[in-house]
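Undergrad:
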Amino acid sequence: MMARRWGRIGFGVLVAVIIIYSLLPFFWILRSSLESSAGLSQPTSTFWPIGITLSHYRDLFAEENFLRPLINSIVVAGITTCIAVVLGSLAAYALSRLPVKGRMAVLGFVLLVSFFPQIGMVGPLFLIFRHIGWLDTYQSLIFPYLILSLPITTWILTAFFAQIPVEIEEAAMVDGASIIQTIWRVFVPLALPGIFTGAILGFLLSWNDLLFALSFIQSPNMFTVPLALVNFRNAFYIHYGQIDAGVVVASVPIALVVLFLQRRIEAGLTAGGVKG
Numbered sequence: 001m002m003a004r005r006w007g008r009i010g011f012g013v014l015v016a017v018i019i020i021y022s023l024l025p026f027f028w029i030l031r032s033s034l035e036s037s038a039g040l041s042q043p044t045s046t047f048w049p050i051g052i053t054l055s056h057y058r059d060l061f062a063e064e065n066f067l068r069p070l071i072n073s074i075v076v077a078g079i080t081t082c083i084a085v086v087l088g089s090l091a092a093y094a095l096s097r098l099p100v101k102g103r104m105a106v107l108g109f110v111l112l113v114s115f116f117p118q119i120g121m122v123g124p125l126f127l128i129f130r131h132i133g134w135l136d137t138y139q140s141l142i143f144p145y146l147i148l149s150l151p152i153t154t155w156i157l158t159a160f161f162a163q164i165p166v167e168i169e170e171a172a173m174v175d176g177a178s179i180i181q182t183i184w185r186v187f188v189p190l191a192l193p194g195i196f197t198g199a200i201l202g203f204l205l206s207w208n209d210l211l212f213a214l215s216f217i218q219s220p221n222m223f224t225v226p227l228a229l230v231n232f233r234n235a236f237y238i239h240y241g242q243i244d245a246g247v248v249v250a251s252v253p254i255a256l257v258v259l260f261l262q263r264r265i266e267a268g269l270t271a272g273g274v275k276g
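Quick note on UniProt numbering: the sequence shown kicks off at 1 and runs consecutively.
1) Counting Cβ pairs, one atom from each stretch, are 3 or more of them under 8 Å apart for the segment 183-194 and the segment 203-210?
2) Below 6 Å CB to CB, which residues in the same chain sit around VAL122 once its five sequence neighbours on both sides are set aside?
3) Go through its chain and collect everything with a Cβ distance to ARG8's Cβ below 6 Å, but skip five positions before and after it.
4) Going residue by residue through the segment 50-76, where are the continuous alpha helix (DSSP H) segments of at least 4 residues, counting only ones entirely within it?
5) Any contact of the segment 226-242 with the segment 62-69, i.e. 3+ C-beta pairs under 8 Å?
6) Are the CB atoms of THR153 and GLY198 within a distance shorter than 8 Å?
7) Considering just the uninterrupted stretch of the alpha helix (DSSP H) at TRP207, what are its terminal residues?
8) Keeping to the same chain, check which residues put their C-beta closer than 7 Å to that of SER73; ignore five residues upstream and five downstream.
9) Within 10 angstroms of the Cβ of GLN218, are there 16 or more other Cβ atoms? Answer buried if so, exposed if not.
10) I'd like the span of the alpha helix (DSSP H) that includes PRO99, first residue to last.
11) In terms of residues, what are the limits of the alpha helix (DSSP H) holding VAL230?
12) Under a three-way DSSP split, which group does ALA217 fall into?
13) Using the C-alpha atoms, what's the distance from SER22 back to THR46?
14) Can you tell me which of the three DSSP states ILE164 falls into?
15) In angstroms with no decimal places, state the Cα-to-Cα distance between LEU190 and PHE160.
16) By Cβ distance, which residues of its chain are closer than 7 Å to ILE79, with the 5 residues on each side in sequence left out?
17) Starting from the C-beta of ALA177, find all residues in its chain whose C-beta is less than 8 Å away, skip the five residues before and the five after it, and write them out in chain order.
18) From this set, ARG97, SER37, ILE147 and MET222, which residue's C-alpha is nearest HIS56's C-alpha?
19) Taking the Cβ atom as the reference point for each residue, do ALA92 and LEU157 lie within a distance shorter than 8 Å?
20) Do you know how far the Cα of ILE29 is from the Cα of VAL247?
21) Look at the alpha carbon of PHE129 and the alpha carbon of PHE232, and state the distance between them as a whole number of angstroms.
22) Report the residue from SER89, GLN181, SER32 and GLU167 whose alpha carbon sits nearest the alpha carbon of TRP155.
23) What does DSSP give as the partner residue(s) for GLU35 in the beta ladder?
24) Run through the segment 88-162 for me and flag every whole beta strand (DSSP E) of 3 or more residues, listed as ranges in chain order.
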């Protein structure tokens, strides 16, 4: 009994250490974003910020016009996520329900594509986008992001859809439901946890990318959040305070999306419970 209690305490301490270690970088970014420029210029740093101020956040939107990169990232990541979820769901449903020949080979190829290095795509995609006039546009980012997010979404949804018993759909059709009604009213509610998981990963891949944005975007009014952050500098000074404030602001939508989808995933798991 005592050994079990000490085991629980040790496990709790380990979890606490991991959580603190994971949150420490974000805490330091938040701390630096609230510190005055004089404090940031000091050769040494203290645990708490020196001269707490919100001037970096004010300058972020007043001088750097950070709202525009936020809108660009939301548009690009949102469109990419929607397309990836729709196409990935259709492909995953076919791979998990239809007698597709070479199913494992297809899934293996999908997984292989997701591991392909991004830097190897930049050159060919740049030549294609320049030829068709897509440079410095939303589609120059959406298309590459689909290359990254669609395979991951398809792989995850295929594995998740395969766990849903096909007898549920057959029972719905026996009761008179059409194929469309069965998919929309029976299958989709059960598949919501997997769909939202794929949406989270697709959104994160699109939101955090810097390489494609750096390669295909040139106009400041088309900058995404990561590209805007690396350009908070001039010939003589790097605006560390504004960069830290921008990182905090850019992390808020991600945190909200993850929290929102986490609740939906829990609700989907509860609604998708099937009694044996």
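The beta-carbon is built from N, C-alpha and C at its ideal position, and this holds for glycine as well.
TA: Answer, in terms of the structure:
1) Counting C-beta pairs with one atom in each stretch, the segment 183-194 and the segment 203-210 have fewer than three that are closer than 8 Å, which means they do not touch.
2) Position 122 of the sequence shown, counting from 1, holds the residue named residue 122. Correct list, in chain order: SER215.
3) Against the sequence shown, residue 8 aligns to sequence position 8. Within the same chain, and ignoring the five residues on either side of ARG8 in sequence, no residue has its Cβ closer than 6 Å to its Cβ.
4) Under the rule that a run must span 4 or more residues, the alpha helix (DSSP H) segments found entirely inside the segment 50-76 read 55-62.
5) Short answer: they touch.
6) Translated into positions along the sequence shown, residue 198 becomes position 198. Translated into positions along the sequence shown, residue 153 becomes position 153. Yes, the pair counts as a contact, with Cβ atoms nearer than the cut-off.
7) Locating residue 207 in the sequence shown gives position 207, counting from the first residue. Run containing TRP207: 188-208, per the alpha helix (DSSP H) assignment.
8) By 1-based counting over the sequence shown, the position of residue 73 is 73. Closer than 7 Å at the Cβ level, and outside the excluded window around SER73, lie TRP207, THR224 and VAL225.
9) Along the sequence shown, one-based indexing puts residue 218 at 218. With fewer than 16 other Cβ atoms from the protein chains shown falling within 10 Å of its own Cβ, GLN218 counts as exposed.
10) In the sequence shown, residue 99 corresponds to position 99, counting from 1. PRO99 -> no alpha helix (DSSP H), and no H or E assigned at all.
11) In the sequence shown, counting from the first residue as 1, residue 230 sits at position 230. Unbroken run through VAL230: none, as it is neither H nor E.
12) Looking up residue 217 in the sequence shown gives position 217. Looking at the sequence itself, residue 217 is Ile, so the reference to Ala does not match. Residue state for ILE217 is assigned as coil, using DSSP reduced to three classes.
13) Counted from its first residue, the sequence shown places residue 46 at position 46. Counted from its first residue, the sequence shown places residue 22 at position 22. Distance between the alpha carbons of THR46 and SER22: 20 Å.
14) Here the question's residue 164 lines up with position 164 in the sequence shown. Reduced to three states, the DSSP call for ILE164 is coil.
15) Start at 1 with the first residue of the sequence shown, and residue 190 comes out as number 190. Start at 1 with the first residue of the sequence shown, and residue 160 comes out as number 160. Those two C-alpha atoms are separated by around 10 Å.
16) Locating residue 79 in the sequence shown gives position 79, counting from the first residue. Once the five neighbours on either side are set aside, the close Cβ partners of ILE79 are ILE142.
17) Looking up residue 177 in the sequence shown gives position 177. Annotation for ALA177: ARG185 and VAL186 place their beta carbon closer than 8 Å to its own, counting only its chain and skipping 5 residues before and after.
18) Taking the first residue of the sequence shown as position 1, residue 56 is located at position 56. When C-alpha distances from HIS56 are compared across ARG97, SER37, ILE147 and MET222, the shortest belongs to SER37.
19) Position 92 of the sequence shown holds residue 92. Position 157 of the sequence shown holds residue 157. Yes. Within cutoff.
20) Numbered from its first residue, the sequence shown carries residue 247 at position 247. Numbered from its first residue, the sequence shown carries residue 29 at position 29. Rounded to the nearest whole angstrom, the C-alpha separation of VAL247 and ILE29 is 8 Å.
21) Start at 1 with the first residue of the sequence shown, and residue 129 comes out as number 129. Start at 1 with the first residue of the sequence shown, and residue 232 comes out as number 232. PHE129 and PHE232 have their C-alpha atoms spaced approximately 27 Å apart.
22) Your numbering for residue 155 matches position 155 in the sequence shown. The shortest C-alpha separation from TRP155 is found at SER89.
23) Taking the sequence shown and counting its residues from 1, the one referred to as residue 35 is at position 35. GLU35 is bridged to ILE52.
24) Runs of the beta strand (DSSP E) lying entirely within the segment 88-162 and spanning at least 3 residues: none are present.
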